[in-house]
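Visitor:
Next comes the structure, spelled out in structure tokens:
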């Protein structure tokens with residue numbers, strides 16, 4: 325080990341006031357700044373290195389094994405929440421419109437390519453039942469790909485409204501993945517507006533869609549914290565056709581509103597024909613498992629304009645506004661910068 329850096333001598337101040345100490349250096353080293361000399365104990369150097377290398381000596385915030393342990397789960401939950409929260413605040417995000425939907429619903433041209441590939445494969449093996457089923461599913465995805473365009477158009481509407489919301493900026497928020505989520509982020513991206521993606525770490529590698537704003541794309545470890553962030557700023561929930569993940573988010577929100585654990589907010593199910601097949605709320609009313617008023621916690625829509633106008637009408641019916649009046653400007657103090 326070379327010589328330790330030392331603080332430079334400072335000129336004495338008048339009236340016997342000593343000069344301020346250097347913020348990091350000393351003129352005389354403290355005893356612990358050098359390891360025990362080997363001339364006093366030949367084994368000391370190796371012993372010190374063994375201590376420095378041991379996991380117990382790592383600072384807690386740099387000890388990945390410790391942080392990933394069961395006992396540090398509470399800390400991980402806190403930072404999983406805190407990092408996105410601070411970054412969203414820094415970006416001035418006051419409100420969100422949350423969009424859920426299937427990851428498998430591709431844009432129309434991609435869905436058409438898959439149908440064509442299945443047709444070609446089936447032509448080579450016409451008696452393969454797996455290919456017959458695969459083609460049938462590909463055709464259903466192609467039919468449902470119209471929702472990709474609806475979600476994309478809706479994302480553009482929300483993106484355009486961004487700086488005009490009451491109380492601060494409003495943005496599209498999705499799960500950050502492909503399919504319908506990609507479409508909503510893409511719509512905002514099309515018009516140069518920012519949007520948010522809340523991705524989740526899974527056992528297999530995955531990628532965020534390319535249309536989420538880089539400074540607003542977050543990767544969560546815990547589903548629970550991700551769900552919390554979905555709803556903290558939510559001013560509406562728009563749910564397109566999807567699978568288990570979409571249903572999970574939808575039913576959780578409906579339950580939270582039903583029990584008034586959260587304040588009611590607009591919930592729009594896009595594609596009535598789809599939702600009527602997978603979810604029969606009227607049957608639940610008839611069976612007595614939900615009340616008739618619970619059937620009124622959502623409504624159906626088909627187009628981007630219908631979704632957006634329905635949300636705006638819901639707020640007017642609630643006696644408030646989602647957006648500033650047309651003649652109101654940021655100078656009035658409620659809208660944020662675009």
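Residue numbers (the working numbering): 325 to 662.
Using N, Cα and C, we set each Cβ at its ideal position, and we do this for glycine too.
Only a predicted model underlies this, so the values are computations on that prediction, with no experimental measurement involved.
Cα separation between residue 650 and residue 476?
Guide: 24 Å
Visitor: Can you tell me whether residue 480 is buried or exposed? The criterion is at least 16 other CB atoms within 10 Å of its CB, across all chains shown.
Guide: buried
Visitor: Using 7 Å as the threshold, is the C-beta distance between residue 573 and residue 533 below it?
Guide: By the CB criterion at 7 Å, residue 573 and residue 533 fall outside the cutoff.
Visitor: Which of the three DSSP states, helix, strand or coil, is assigned to residue 469?
Guide: coil
Visitor: Using CA coordinates, which residue listed in 360, 376, 444, 594 is at the minimum distance from residue 627?
Guide: The candidate whose alpha carbon is nearest that of residue 627 is 594.
Visitor: Quick one: complete alpha helix (DSSP H) runs, 4+ long, within the region 367–430?
Guide: 368–377, 388–391, 397–414
Visitor: Could you check the C-alpha separation between residue 581 and residue 465 for me, to the nearest Å?
Guide: 31 Å
Visitor: Helix or strand or just coil, what does DSSP make of residue 589?
Guide: If DSSP states are grouped into helix, strand and coil, residue 589 belongs with coil.
Visitor: Please report how far the alpha carbon of residue 404 lies from the alpha carbon of residue 540, in whole angstroms.
Guide: The C-alpha of residue 404 lies about 15 Å from the C-alpha of residue 540.
Visitor: Alpha carbons only, please: which of 462, 420, 636, 443 is nearest the one belonging to residue 432?
Guide: 462
Visitor: Just mark residue 554 as buried or exposed, buried being the case when its beta carbon has 16 or more other beta carbons within 10 Å.
Guide: buried
Visitor: Do residue 443 and residue 560 come within 7 Å of each other at the CB atom, strictly closer than that value?
Guide: no
Visitor: For the alpha helix (DSSP H) holding residue 554, just list the boundary residues, first then last.
Guide: Looking at the DSSP string, the run of the alpha helix (DSSP H) that includes residue 554 is 547–556.
Visitor: As a quick exercise: from 363, 364, 519, pick the residue whose alpha carbon is nearest that of residue 535.
Guide: 519
Visitor: With a 10 Å radius around its C-beta and 16 neighbouring C-beta atoms as the bar for buried, classify residue 513 as buried or exposed.
Guide: buried
Visitor: Tell me whether the beta-carbon of residue 494 lies closer than 7 Å to the beta-carbon of residue 545.
Guide: no
Visitor: Which residues in the same chain have their Cβ closer than 7 Å to the Cβ of residue 340, if we skip the five residues on either side of it in sequence?
Guide: Excluding five sequence positions before and after residue 340, none of the CB atoms of its chain fall closer than 7 Å to its own CB.
Visitor: Use the C-beta contact count for residue 631: other C-beta atoms within 10 angstroms, 16 or more gives buried, fewer gives exposed.
Guide: buried
Visitor: Does the beta-carbon of residue 456 have 16 or more other beta-carbons within 10 angstroms, so that it is buried, or is it exposed?
Guide: exposed
Visitor: Could you tell me the alpha carbon to alpha carbon distance between residue 439 and residue 413, rounded to whole angstroms?
Guide: 44 Å
Visitor: So what does DSSP say about residue 523, is it helix, strand or coil?
Guide: Residue 523: strand per DSSP, three-state reduction.
Visitor: Against chain D, with Cβ distances strictly below 7 Å, would residue 371 count as a contact?
Guide: The structure shown has no chain D; it contains just one protein chain.
Visitor: Roughly how many angstroms separate the alpha carbons of residue 452 and residue 435, rounded to a whole number?
Guide: 21 Å
Visitor: Nearest by alpha-carbon distance to residue 467: which of 411, 585, 565 is it?
Guide: For residue 467, the closest C-alpha among the options 411, 585, 565 is that of 565.
Visitor: Starting from residue 564, trace the alpha helix (DSSP H) both ways and give me its first and last residue.
Guide: Per DSSP, residue 564 lies in no alpha helix (DSSP H) and is assigned neither H nor E.
Visitor: Taking Cβ positions, are residue 504 and residue 484 nearer each other than 7 Å?
Guide: The beta carbons of residue 504 and residue 484 sit no closer together than 7 Å.
Visitor: Between which two residues does the alpha helix (DSSP H) carrying residue 494 extend?
Guide: Note, residue 494: premise wrong, no alpha helix (DSSP H); beta strand (DSSP E) at 493–498.
Visitor: Alpha carbon to alpha carbon, how far is residue 343 from residue 357?
Guide: 23 Å
Visitor: Just reading off the beta strand (DSSP E) that residue 517 is part of, what are its end residues?
Guide: No beta strand (DSSP E) contains residue 517, which DSSP labels as neither H nor E.
Visitor: Candidates 558, 601, 639, 586: which alpha carbon is nearest residue 571's?
Guide: Of 558, 601, 639, 586, the residue nearest in Cα terms is 601.
Visitor: For residue 459, does the three-state DSSP call read helix, strand or coil?
Guide: helix
Visitor: Once the 5 residues before and after residue 469 are set aside, which same chain residues still bring their CB inside 7 Å of it?
Guide: 429, 430, 431, 432, 435
Visitor: How is the beta strand (DSSP E) around residue 625 delimited, first residue to last?
Guide: From DSSP, the beta strand (DSSP E) with residue 625 extends over 623–625.
Visitor: Around the C-beta of residue 498, are 16 or more other C-beta atoms found within 10 angstroms, so that it is buried, or is it exposed?
Guide: Classification of residue 498: buried, given that the 10 Å Cβ count is 16 or more.
Visitor: For residue 594, which beta-bridge partners are listed by DSSP?
Guide: 625
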